[in-house]
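Enquirer: The structure's right below; bear with me while I get my questions together.
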Amino acid sequence: LSNDVKLFYTMCNGFQLKWSYKLIDTSVPVSDCRINSVENLKKLTISSKYNNCFDPSEIYLSCNDHKNSLKFTDHKLFFELDSCEGYSKVCLVFNKPNYKINNHFEPQCSVWLVDRSLSLHYLTDSFTSYMALMMSHCAIKQWQYAFTEIGLPPQTRVWDVFISLTFGFYFKY
């Protein structure tokens, strides 16, 4: 594991940021982002084919449309950080410990979003950067889509504008 991931899990065993907004007499859930606890970290297995496109445990895809493109190969380990209420999966991606790049081991991780079509979207190059992005976006549901070609869903855009107007800061995508 990379040092930032090790430090996170030595300080706390997972994380959840969940908040809602009271609208008239109804509480509207706006945020529910999490980092799974160690015992709930799911390793995503790689398969040459998949039976069910909504089963995240069997993935075989490659993404070549991003400068930090990633291929699902045998030398990568994928762990689910957040299931995003079934809309996507946020994954922590590591090189396997016995896989060398440039004659040295690479403990670094990166964070990727796997959407429901099983497409990969690069989010950040470290766990710490991902946490910072989550906090800066107030952990609004599906905020990760701001970093994809899909873009933010309409409801997320509404909350994005609301937070910008209410708290005086603007997310620039």
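Okay, so the sequence shown: first residue is 755 according to the working numbering, each after it adds one. A virtual CB, placed ideally from N, CA and C, is assigned to each residue, including glycine. Treat the numbers as computed from the prediction; the structure is a model and nothing was measured.
(1) DSSP on S781, reduced to helix/strand/coil?
(2) Please return the same chain residues whose Cβ sits closer than 7 Å to the Cβ of T920, not counting the five positions on each side in sequence.
(3) Should T764 be labelled buried (16 or more other beta-carbon atoms within 10 Å of its own) or exposed?
(4) Inspect the beta-carbon positions of K797 and F762 and report whether they are closer than 7 Å.
(5) Do V868 and C838 have their beta-carbon atoms positioned less than 7 Å apart in this structure?
(6) If you follow the alpha helix (DSSP H) that N757 is part of, which residue opens it and which one closes it?
(7) Taking C-alpha atoms, which residue in V865, S871 and N849 lies nearest to Y841?
(8) Check this for me: beta carbons of K772 and S781, under 7 Å apart or not?
(9) Give the C-beta separation of S880 and D779 to the nearest angstrom, bearing in mind that I take them to be a contact with Cβ-Cβ under 8 Å.
(10) Q909: buried (16+ other C-beta within 10 angstroms of its C-beta) or exposed?
(11) Please classify L777: is it buried, with 16 or more other beta-carbons within 10 angstroms of its beta-carbon, or exposed?
(12) So, with DSSP's three-state summary, where would you put Y841?
Expert: From the atom records:
(1) strand
(2) none
(3) exposed
(4) no
(5) no
(6) N757 to M765
(7) S871
(8) no
(9) Going by Cβ atoms, the distance from S880 to D779 rounds to 42 Å, so no, they are not a contact pair.
(10) exposed
(11) exposed
(12) coil
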